[in-house]
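**Q** The opening position of the sequence shown corresponds to residue 622 in the working numbering, with each subsequent residue numbered one higher. One structure follows; several queries about it will come next.
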Amino acid sequence: MADNVTSDASGLDLKVVIGVGQEDDLWRATLAVGGMTCAACIGAITQALQTKSCIRHVAVNLIANSATVEFVGKESQSTIVEAIEDIGYEATIDTVESLNETAVITTGRRTVEILVDGMFCHHCPPNVMNALEAFGNRVTVEKPLTMKDPILRISYTPEAPHFTIRNIISAISQIDALTPSVYHAPTIEERSRRIHDQERRRILSRVVATTIIAIPTFIIGIVYMSLVPKSDSGRQVLMEPLVAGVSRSQWALFILATPVYFFCANVFHLRALKEVRAMWRRGSDTPVLRRFYRFGSMNMLMSLGTSIAYFSSVAQLIAAGARDSQMVEDSSFYFDSVVFLTMFLLIGRLIEAFSKAKTGDAVLKLGQLRPTEALLVADESSLPANVKFDLLEFGDIVRVLHGGSPPCDGTIMRGNSNFDESSLTGESKLVKKHVGDQVYSGTINKDSPISIKITGVAGSSMLDQIVKAVREGQTRRAPMERLADSLTGYFVPFVTLIAMCTWFIWLALGYSGNLPADYLGDTAGSWVAWSLQFAIAVFVVACPCGLALAAPTALLVGGGLAAQNGILVKGGGEAFENASRLDCIVFDKTGTLTAGGEPVVTNHRLELVPTDIDGKYVEEVTITGMISSLEGNSSHAIAKALTVWCNGRESSSLLANDVEEIAGQGLQGTFKLDDFTMGMIIGNEDMLAAKDVIISEKAQSELESWKSKGKSVALAAISIQPSTAWVLAAIFAISDEIRPEASSVVRALQQRGMDVWMLSGDNQVTANAVAAQVGILSSNVIAGVRPTQKADKIRYLQKSLKWKKNGSEYSTKRSLVAMIGDGINDSPAITAADVGIAIGSGSDIAVSSAGFVLVSSNLNALISLLDLSKIVFRRIKFNFAWALIYNMAALPIAAGVLYPIDDRHIRLDPVWASLAMALSSISVVCSSLLLRSDLPVVGWRKTES
């Protein structure tokens, strides 16, 4: 594999060029998918894509109207779109990204797309290109402008404030009054919202038309045919036969029902026909046998119900015309049922569409936190100017007023203020910000105006990373969702079989004389029409939508609530499900149980190191200079503390050579002085023990004293070459303040019945001391572990700890373990854990392999996460149980099992069956939406600190 990486210190665009083989040429595409209505649609799309050899993974999101597909070869994009469209759905690619980039290196180039409005002739595009050529090599056109496609893609190297995107926009706008603007392609959420809006408008127009037609249908079919006395003159006129022995009322209902069936209900028919065509078309990849036991969706059930009612009634009309002109019973027709069935089905679909749109707006709300304009400070002598946020560059200075929000991430250059960061972290406490501190887009300035220097333009801010993390989390499905998909895949064939059996059984019982004649009621002599009502009711009352919506609606609402409280759900439904069933939580020490911000050297002891030259010793300034130079090569918190300590003392300026970092132990290097060459090692006690360094009794006593107080220790030793012996040069105690909330969080976890462990690379004495301060048993402390060994320790706990039945009811019969760490050196353990939780700032979000990220770095968010996970999965189980119970109860009732009881003839009319079906799916969505409320039992409230 060949790598070619370019970099630049300014840090804008991401450029990585990596040579890969064809099988390694993996890509991930996110698509907007239109036309999905239930879990059967998810299954159909998934099956259609999985038959393609280039597809590696498929995740379809019903609520977000989207699909995420991992595939081989970028050219396979068209194959994905065609596969989805071939089975009757609409598909539009939103984003395509490579999965092969093993490094992320920033470069100085920035790529943007510019929409040019106002072009009126074929001279406009060349004029724009000529204007760009005036910038020379600073601007490269990657996609030229045309009259058909007015979107221009360019790349350039900004040098704020001298050369920015504003200069390019200004140059284009001076050409024939053209109106250029930075173009942002619609996000997957915007495409989803557009699909939802189109669906609602489409259904609403049909609801209005059906409701208007339902009014005369109700008057004729219900009022005059059932409620008005037979002696009423109006009823007598309507009941008189008009043609072929069929009454005027039925001909009127036929005229009313026909447009309802062919126009208003066509949303069901067209989709059902597409499903059948896709399954039986020439070249279909679906096995022939599977076409008989796994087919259809909710649209097919609705279409079958209304079609049977309509065409059976039309058949009665045709049969009446073929017979002598004798009066045909009105109860043999279902034209009024067609109208009311369609009306209730459409109303239910409309309410469901509105409700589903409400559950998936978490990402849209996050995106709306960013202001659309900014106050740009060109120089100190001029007033701030209003500019759009997407015209800002790295290095621009903007003014943030009281009550305003930074348009992009930046560093404070002038002024001090308090910021409300609750929109990102969930913490309501104001955060004091000073010159040099970082501020984030989406937060609110609650105090004095400040000036900030932009460090993260649109697309690279912490808010953008949060949106990306939430979006990725929505593509990860919970195991329970896969169970629902499996059930709904066989639902339509099962319901179809039940409906057919229902009709044949009642029909056979009727014609065999096993049913009393009074069962027919007004339908005397027509067992076909009478038994058909039960079959229609079965088709209409069955509702797989409740099963399909049970998990995704609750997970989307839960993910939105988590994001609002500073918790990013990167692992999606699977992470939520595992977090709700945890048995054990393992904490890293440094940066997790301790603050980890800026640990300080609290104690030190320097030893005398002989040089073997005239009885001289290595000078103190030399030792501190060596430590400073060597530790400057590490980003570890202890290394930083030692570097700060050295910088505060007099030290020699030395250059470390042959620097080597030994994972989990420390650093070593060599230094060339005037008279000799010295080697230095600095790290933990294990590192010095491996070099046979002798530690004096007094030094050892001090080390033990420091460790007993919960302090980390570091030791330095020197070897004067050519001798290979190492001599102790210095020992240090480094203190890292324990988080104030750590002990209360550990106690809360233990009260919830969880095992709490600590995993640390520090020595056993220090680790035990810290554990004692936060309430973790010394027997639950694993210390002296290297980063590469942490994953093994997690796997050991998974196998050795006793698992709880209530916590792992359908896992692999082992303990479920969560690892919470800083997301960098703990990443192997976080990956190995069932639930990985990273704690840290925005920089951790981009690199973390965790299922959850606690943005606020406050451990109280962990309690909120666990409580939210439990209530979300309790709601999923409730939704799932409700949907199952509904179908298990409704299907037998619709089939007529209660009809013979006590001669009361209890049955579910097809019209009321359609209403019950609509209420079933609506109730599941509303149940999930109630999570947003503060109502006891049904809602979720953030756990107080």
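By construction, the Cβ of each residue, glycine as well, lies at the ideal position given by its N, Cα and C atoms. Everything numeric in this text was worked out from a predicted model, so none of it was measured.
Decide if THR1211 is buried, meaning its Cβ has at least 16 other Cβ atoms within 10 Å, or exposed.
**A** Flag for THR1211 reads buried.
**Q** Thinking just about the alpha-carbon of each residue, which of ASP1307, GLY1304, GLY1194, ALA1338 is nearest to the one in THR1243?
**A** Closest by alpha carbon: ALA1338.
**Q** So, SER870 versus TYR845, is the Cβ gap smaller than 8 Å?
**A** It is a contact, given that the beta carbons lie within the stated cut-off.
**Q** Decide if GLY1304 is buried, meaning its Cβ has at least 16 other Cβ atoms within 10 Å, or exposed.
**A** Result: buried.
**Q** Return the chain-ordered list of same chain residues with a C-beta closer than 7 Å to the C-beta of SER687, the five sequence neighbours on each side being excluded.
**A** So the qualifying residues of the chain are THR651, LEU652, ALA653, VAL654, ILE809, SER813.
**Q** At the level of alpha carbons, what is the spacing between PHE875 and PHE961?
**A** If you take the alpha carbons of PHE875 and PHE961, they lie about 13 Å apart.
**Q** I think ILE684 touches LEU1177, with their Cβ atoms under 8 Å apart; what is that distance to the nearest whole Å?
**A** The pair is a contact, with the Cβ atoms about 5 Å apart (cut-off 8 Å).
**Q** Going by other Cβ atoms of all chains shown within 10 Å of its Cβ, with 16 needed for buried, is CYS1122 buried or exposed?
**A** Result: exposed.
**Q** For PRO1343 and GLY1300, what's the separation of their Cα atoms in angstroms?
**A** Between PRO1343 and GLY1300, the C-alpha separation is close to 10 Å.
**Q** Please report the distance separating the alpha-carbon of GLU1306 from that of SER1477.
**A** When rounded, the distance between both Cα atoms is 34 Å.
**Q** Out of PHE756, ARG1435, SER1038, which has the shortest C-alpha to C-alpha gap to ILE786?
**A** If we check each option's Cα against that of ILE786, PHE756 comes out closest.
**Q** Please identify the residue among SER1381, PRO1165, LEU1153 whose C-alpha is closest to the C-alpha of TYR1507.
**A** It is PRO1165 whose Cα lies nearest to the Cα of TYR1507.
**Q** Following the continuous beta strand (DSSP E) through ASP648, name the residue where it begins and the one where it ends.
**A** Correcting the residue type first, residue 648 is Trp in the shown sequence and not Asp. TRP648 -> beta strand (DSSP E) spans 647-655.
**Q** Can you look up GLN1086 in the DSSP assignment and give me helix, strand or coil?
**A** Looking at GLN1086 - three-state DSSP - the assignment turns out to be helix.
**Q** Does the Cβ of ILE1087 have 16 or more other Cβ atoms within 10 Å, making it buried, or fewer, making it exposed?
**A** Under this definition ILE1087 is a buried residue.
**Q** Leaving out five residues before and five after LEU1324 in sequence, what residues of the same chain have Cβ atoms less than 7 Å from its Cβ?
**A** So the list reads VAL1334, ILE1352, once near-sequence residues are dropped.
**Q** So is CYS659 buried or exposed if we call it buried at 16+ other beta carbons inside 10 Å?
**A** Buried: at least 16 other Cβ atoms inside 10 Å.
**Q** Which of the three DSSP states, helix, strand or coil, is assigned to THR1032?
**A** Reduced to three states, the DSSP call for THR1032 is strand.
**Q** For VAL1438, which three-state DSSP category applies?
**A** Strand.
**Q** Look at the alpha carbon of PHE1015 and the alpha carbon of ASP1058, and state the distance between them as a whole number of angstroms.
**A** PHE1015 and ASP1058: Cα-Cα distance of roughly 16 Å.
**Q** Can you have a look at TYR1132 and say buried or exposed, based on whether 16 or more other CB atoms are within 10 angstroms of its CB?
**A** Classification for TYR1132: exposed.
**Q** Tell me whether the region 1073-1082 and the region 1022-1033 touch, counting them as touching only if at least three CB pairs, one residue from each stretch, are closer than 8 Å.
**A** Yes: the two stretches touch, three or more of their Cβ pairs being nearer than 8 Å.
**Q** Output the distance between the C-alpha atoms of LEU1012 and VAL803, rounded to the nearest integer angstrom.
**A** Approximately 8 Å, taken between the alpha carbons.
**Q** Run through DSSP, which three-state label would HIS1023 get?
**A** Three-state result, HIS1023: coil.
**Q** Taking the runs of the alpha helix (DSSP H) that are 4 residues or longer, which of them lie wholly in the region 653-741?
**A** For the region 653-741, whole alpha helix (DSSP H) runs of length 4 or above, ordered along the chain, are 660-671, 698-707.
**Q** Pairs of beta-carbons, one from the region 1540-1551 and one from the region 967-974, closer than 8 Å: are there three or more?
**A** They touch, by the three-pair rule.
**Q** Can you tell me whether THR1174 is buried or exposed? The criterion is at least 16 other CB atoms within 10 Å of its CB, across all chains shown.
**A** So THR1174 ends up on the buried side.
**Q** On the premise that LEU825 lies in contact with GLY739, defined as a C-beta separation below 8 Å, what is that separation, rounded to the nearest angstrom?
**A** Actually they are not in contact, since the Cβ atoms of GLY739 and LEU825 sit about 35 Å apart, beyond 8 Å.
**Q** Nearest-angstrom Cα distance between ASN1548 and THR1109?
**A** Per the sequence shown, residue 1548 should be read as Ser rather than Asn. Going by the C-alpha atoms only, they are around 20 Å apart.
**Q** According to DSSP, simplified to helix, strand and coil, what is CYS1164?
**A** Three-state result, CYS1164: coil.
**Q** From what residue to what residue does the beta strand (DSSP E) around ARG1226 run?
**A** Counting along the chain, the beta strand (DSSP E) containing ARG1226 begins and ends at 1221-1227.
**Q** For the region 1502-1520 against the region 1149-1159, do three or more pairs of beta-carbon atoms, one drawn from each stretch, fall closer than 8 Å, so that the two count as touching?
**A** With a cut-off of 8 Å, the region 1149-1159 and the region 1502-1520 count as touching, because enough Cβ pairs lie within range.
**Q** Mind reading off the beta-carbon distance from ALA781 to ASP1085? Whole number of angstroms is fine, and I expect it under 8 Å.
**A** Wrong, their Cβ atoms sit about 19 Å apart, outside the cutoff.
**Q** Check SER868 in the structure and name its three-state DSSP category.
**A** It is a strand residue.
**Q** Terminal residues of the continuous alpha helix (DSSP H) containing ILE1415?
**A** First-last of the alpha helix (DSSP H) with ILE1415: 1408-1421.
**Q** As an exercise, report each continuous beta strand (DSSP E) stretch of at least 3 residues that is fully enclosed by the region 858-904, in chain order.
**A** Runs found: 862-864.
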